[in-house]
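What the sequence shown shows, in this note's numbering, is residues 73 to 269, in sequence order.
For each residue, glycine too, the CB sits at the ideal point set by N, CA and C.
Reviewing the structure listed below.
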Amino acid sequence: MLVLGVILCFINIFMLVFFYLKITNSFSQNAYQKNMEKEVLKLIQDIRYEADLAISMFDTKQAELDKAIKEADKKLRLLNKEMEINKTALNTMQKLDKQVTNQNLQKESSLVNFGSENKLSVENPPLAASSQKTQTQEEPITIYTKRIIQDNAVKTGQGTVNEQILEMAKKGFSPEFIANKVGMTFGEIQLIIGLNS
Numbered sequence: 073m074l075v076l077g078v079i080l081c082f083i084n085i086f087m088l089v090f091f092y093l094k095i096t097n098s099f100s101q102n103a104y105q106k107n108m109e110k111e112v113l114k115l116i117q118d119i120r121y122e123a124d125l126a127i128s129m130f131d132t133k134q135a136e137l138d139k140a141i142k143e144a145d146k147k148l149r150l151l152n153k154e155m156e157i158n159k160t161a162l163n164t165m166q167k168l169d170k171q172v173t174n175q176n177l178q179k180e181s182s183l184v185n186f187g188s189e190n191k192l193s194v195e196n197p198p199l200a201a202s203s204q205k206t207q208t209q210e211e212p213i214t215i216y217t218k219r220i221i222q223d224n225a226v227k228t229g230q231g232t233v234n235e236q237i238l239e240m241a242k243k244g245f246s247p248e249f250i251a252n253k254v255g256m257t258f259g260e261i262q263l264i265i266g267l268n269s
């Protein structure tokens with residue numbers, strides 16, 4: 073019984089010393105410092121992780137933004153090129169319209185002049201012509217009619233249309249665009265370009 077009491081007393085003393093040391097280590101200044109260091113290291117790791125995540129997201133967004141800027145620049149270049157082509161086409165069409173208008177005016181003025189000259193020659197024949205007419209009444213008289221001039225006008229007009237088509241084709245306009253502007257079919261435009269290429 074005495075031995076059992078001594079053993080229990082040693083066990084109690086050992087437990088007392090053990091818990092005392094454990095409690096002092098747990099609540100001591102060194103233990104608090106170690107816990108703070110662990111928390112700070114954990115916080116630093118979390119900050120690094122969040123920073124890496126933010127940097128990767130920033131890089132991704134920057135790459136997307138660069139891609140969008142490149143696409144916008146490409147579209148702007150294409151738009152500027154298309155605008156230049158349209159401007160060139162508009163200038164060409166205006167020049168061609170002016171040329172056609174001038175040619176039509178010249179044809180009309182030549183027809184009017186031709187008609188007036190014929191009228192004057194019929195109404196007021198010169199004396200030499202009347203004397204020649206009296207002398208050579210048996211010779212046939214050749215009169216150039218208006219139809220010859222009209223045929224020539226049609227030919228020259230067709231030539232200008234073909235020249236317009238070839239000029240627009242040389243400038244890089246599509247056959248559909250040329251067909252819409254000239255008022256001919258797509259097949260006719262291709263035929264004219266193919267025959268003159």
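Counting C-beta neighbours from all protein chains within 10 Å, is the total for residue i 16 or more, i.e. buried, or is it exposed?
{"i": "M240", "result": "buried"}
{"i": "Q236", "result": "buried"}
{"i": "V89", "result": "exposed"}
{"i": "I273", "result": "Here the chain covers residues 73 to 269 and nothing more, so residue 273 does not appear."}
{"i": "F130", "result": "exposed"}
{"i": "F82", "result": "exposed"}
{"i": "F86", "result": "exposed"}
{"i": "F245", "result": "buried"}
Going along the chain, which residues of its own chain have a beta-carbon closer than 8 Å to the beta-carbon of residue i, five neighbours each way excluded?
{"i": "F258", "result": "P247, E248, A251"}
{"i": "A103", "result": "N97"}
{"i": "L238", "result": "I264, I265, N268"}
{"i": "Q171", "result": "T232"}
For the alpha helix (DSSP H) holding residue i, just list the boundary residues, first then last.
{"i": "T96", "result": "74–98"}
{"i": "G259", "result": "258–268"}
{"i": "K253", "result": "247–254"}
I'd like the list of long-range same chain contacts for residue i, defined as Cβ closer than 7 Å, with 5 residues on each side in sequence excluded.
{"i": "D138", "result": "none"}
{"i": "K253", "result": "M165"}
Leaving out five residues on either side along the sequence, give the residues of the same chain with a beta carbon under 6 Å from the beta carbon of residue i.
{"i": "I265", "result": "A241"}
{"i": "V273", "result": "Lying before the first or after the last residue shown, residue 273 is absent from the chain, which here runs from 73 to 269."}
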